[in-house]
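Add 4 to the 1-based position in the sequence shown for the working numbering, that's all there is to it. Just so you know, even glycine gets a beta-carbon here, dropped at the ideal spot from N, CA and C. The model shown is predicted, which means the values in this text are computed figures rather than measured ones.
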Amino acid sequence: MQIDHAIWWQIYPLGALGAPIRNWENTPGVAAPRLRKIAPWLDYAVNLGCNGILLAPIFQSSTHGYDTTDYFQIDPRLGNNSDFDWLINQATARGLAVILDGVFNHVGVQHPLAQAAQAGESDLVLMGADGWPQHWEGNLDLAELDHQNPAVADLVVEVMEYWLARGIAGWRLDVAYAVPVEFWAQVIDRVRENYPHAVFLGEMIHGDYPDLIERGHLDTVTQYELWKAIWSSIKDRNFYELDHALRRHQEFSDRGLMQIFVGNHDVSRIASTLGDAGAALAATILFTLPGLPSVYQGDEQAFRGEKGSEEWADDALRTPLPDTPEELSDLGWWMFQTYQKLIGARRRHPWLTRATVTVTAVANEELQYLVTGQDGEELQVSISISAGYSATLTFADEELAIQF
């Protein structure tokens, strides 16, 4: 895909398609071609203005998808590899590129590699002094891979190329920040020998964002600093926070493309955090900044859901979609139309991806910034939350005034 034009619709298939997450393996009738239920939502994503689908894990796993048990098989709760091929054909026919979520920092403890390591028959998984696999961040269901072992790099290259050969456009690298940057550089260089146009997006929550791009040879990384500043500055009525974050964002963007968002499958829904008007304003900011934007399923319909603090804290963020878009509540379509308008403006001005952002005026409840393209294009953005929420977007060839 042409990465500079990428606008992704992110979907968490196990949740969105109504698959059981826990204690499903011995339940009759659980295996089903649920991936085929995505069909009407592909048209929906195109209608929204997106040209890519970013899929959360779809490989065989024990529960939530991030505890992989087989990298080469589609999770039976979603279907099989033939159902995946069908999905790729359907997406390609609509001009949608598909990126898969690759969980290569760890595997599930039920993965054969973890089982073999515990039996002393494999050295691809790190083992603790207690004789159990080394659990990532204390998660007892996850076993860390040994990224110093060349065989792990061989495995990841094999997995990546297997699915690239089946038609995907690239990979989201889960918890990329937890994997040695040299590992990514080696693996990505090897994969690009055969798939030079593959896209690599790294999940980066904290750390030196551009450094992972530069030394890891990725295309882009998630910009969590900006995500936090967007919602927090609106919620706290303090645009000085966003002013600071935009300056940081430009410093990062000078060194590499940032993947920008106001929602994903790991954070509270933006409409739950800010309400409808605040969520729409957050989307307005998102689509006027340099970077590669993505939309999490349902945010464009003002879905609600707050992240919890218990073991299954993300359940409320990953609720099922109805069978078809026509079954969505009437209450969310105004948000959809707002997103359409913003995405449409961005598509008409693709130079925004690699533009420069400069704050020109800031107060607690007012913010103005100038976005400048590499060939001198300009967008002036004026935002106010002093008396209701409003934004004015002024391009050389059009002006959008938005009231929330």
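Buried/exposed call for residue 106, threshold 16 Cβ in 10 Å
The residue is buried, with at least 16 neighbouring Cβ atoms inside 10 Å.
Closer than 6 Å by C-beta to residue 300: which residues in its own chain qualify, once you throw out the five before and the five after it? Chain order, please.
Scanning its chain for C-beta atoms nearer than 6 Å, with the 5 sequence neighbours on each side dropped, one finds around residue 300 the residues 14, 267, 268, in chain order.
Beta-carbon proximity list for residue 90, same chain, < 8 Å, skipping 5 on both sides
Result list for residue 90: 39, 40, in chain order.
Comparing C-alpha positions only, which one of 197, 200, 194, 184 sits nearest to residue 206?
Considering only alpha carbons, the answer is 184.
Whose CA, out of 74, 87, 254, lies closest to the CA of residue 108?
Out of 74, 87, 254, 74 has the C-alpha closest to the C-alpha of residue 108.
Through-space distance from residue 322 to residue 390, alpha-carbon basis:
About 33 Å.
Could you give the distance in angstroms between the alpha-carbon of residue 78 and the alpha-carbon of residue 239?
Roughly 40 Å separates the two Cα atoms.
How far does the beta strand (DSSP E) with residue 386 in it reach, from first residue to last?
Its beta strand (DSSP E) spans residues 382-388.
Run through the segment 349-377 for me and flag every whole beta strand (DSSP E) of 3 or more residues, listed as ranges in chain order.
Here the runs fully enclosed are 360-367, 370-376.
Rounding to the nearest angstrom, what Cα-Cα distance links residue 85 and residue 62 in this structure?
Rounded to whole angstroms, residue 85 and residue 62 show a C-alpha spacing of 10 Å.
State the CB to CB distance for the pair residue 265 and residue 298, rounded to an integer number of angstroms; the pair is presumed to be in contact (CB under 8 Å).
Correct: roughly 5 Å between the Cβ atoms.
Looking at the strands, I want to know which residues DSSP matches up with residue 65.
Looking at the DSSP output, residue 65 sits in a beta bridge with 72.
Kindly indicate which three-state DSSP category residue 213 falls into: helix, strand or coil?
The answer is helix: DSSP assigns residue 213 an H, G or I state.
Can you tell which of 119, 192, 336, 21 has its C-alpha closest to the C-alpha of residue 136?
Nearest option by C-alpha distance: 119.
In angstroms, rounded to a whole number, what distance separates the CA positions of residue 404 and residue 397?
So the two alpha carbons sit approximately 5 Å from each other.
Using DSSP bridges, identify the partner residues of residue 137.
Listed as beta-bridge partners of residue 137 by DSSP are 131.
In the DSSP output, what is residue 106 paired with across the bridge?
Its beta-bridge partners are 177.
Where do the N-terminal and C-terminal ends of the beta strand (DSSP E) with residue 288 fall, by residue?
According to the DSSP assignment, residue 288 belongs to no beta strand (DSSP E) but to the alpha helix (DSSP H) extending over 274-290.
Measuring straight from C-alpha to C-alpha, what distance separates residue 148 and residue 133?
The straight-line gap from Cα to Cα measures roughly 14 Å.
Where the beta strand (DSSP E) containing residue 231 begins and where it ends:
It is not in any beta strand (DSSP E) - residue 231 instead sits in the alpha helix (DSSP H) that spans 228-239.
Quick check on the DSSP output: the alpha helix (DSSP H) that includes residue 19 runs from which residue to which?
Annotation: the continuous alpha helix (DSSP H) that includes residue 19 extends over 17-20.
Return the first residue and the last residue of the beta strand (DSSP E) that residue 296 is part of.
Looking at the DSSP string, the run of the beta strand (DSSP E) that includes residue 296 is 296-300.
Quick one: grab the DSSP three-state call for residue 399.
When secondary structure is reduced to three states using DSSP, residue 399 falls in the strand class.
Going by alpha carbons, who is nearest to residue 200 out of 172, 211, 177?
It is 172.
So what does DSSP say about residue 7, is it helix, strand or coil?
Under the three-state reduction of DSSP, residue 7 is assigned to helix.
Less than 8 Å between the beta carbons of residue 102 and residue 59, yes or no?
The answer is yes: Cβ separation under 8 Å.
Tell me the rounded alpha-carbon separation between residue 327 and residue 16.
Between residue 327 and residue 16, the C-alpha separation is close to 15 Å.
Mind reading off the beta-carbon distance from residue 260 to residue 218? Whole number of angstroms is fine, and I expect it under 8 Å.
The beta-carbon separation of residue 260 and residue 218, rounded to 7 Å, stays under the 8 Å limit for a contact.
Among 65, 55, 191, the one whose alpha carbon lies nearest that of residue 83:
It is 65.
For residue 273, count the other beta carbons within 10 Å of its own beta carbon; 16 or more makes it buried, fewer makes it exposed. Which is it?
Counting Cβ neighbours within 10 Å, residue 273 comes out buried, since at least 16 surround it.
Look at residue 113 and residue 72 and say whether their C-beta atoms are less than 8 Å apart.
No, the Cβ-Cβ distance between residue 113 and residue 72 is not below 8 Å.
Could you tell me if residue 362 is buried or exposed, where buried requires 16 or more neighbouring beta carbons within 10 angstroms of its beta carbon?
Residue 362 is exposed by the Cβ-count criterion.
How would you write the range of the beta strand (DSSP E) that residue 203 sits in, first residue to last?
Note, residue 203: beta strand (DSSP E), 203-206.
Residue 181 versus residue 258 - alpha carbon distance
Roughly 20 Å separates the two Cα atoms.
Beta-carbon spacing of residue 286, residue 339 below 8 Å:
Contact flag unset, no.
Pull up the DSSP beta-bridge partners for residue 262, would you.
Answer by DSSP bridge pairing, in chain order: 225.
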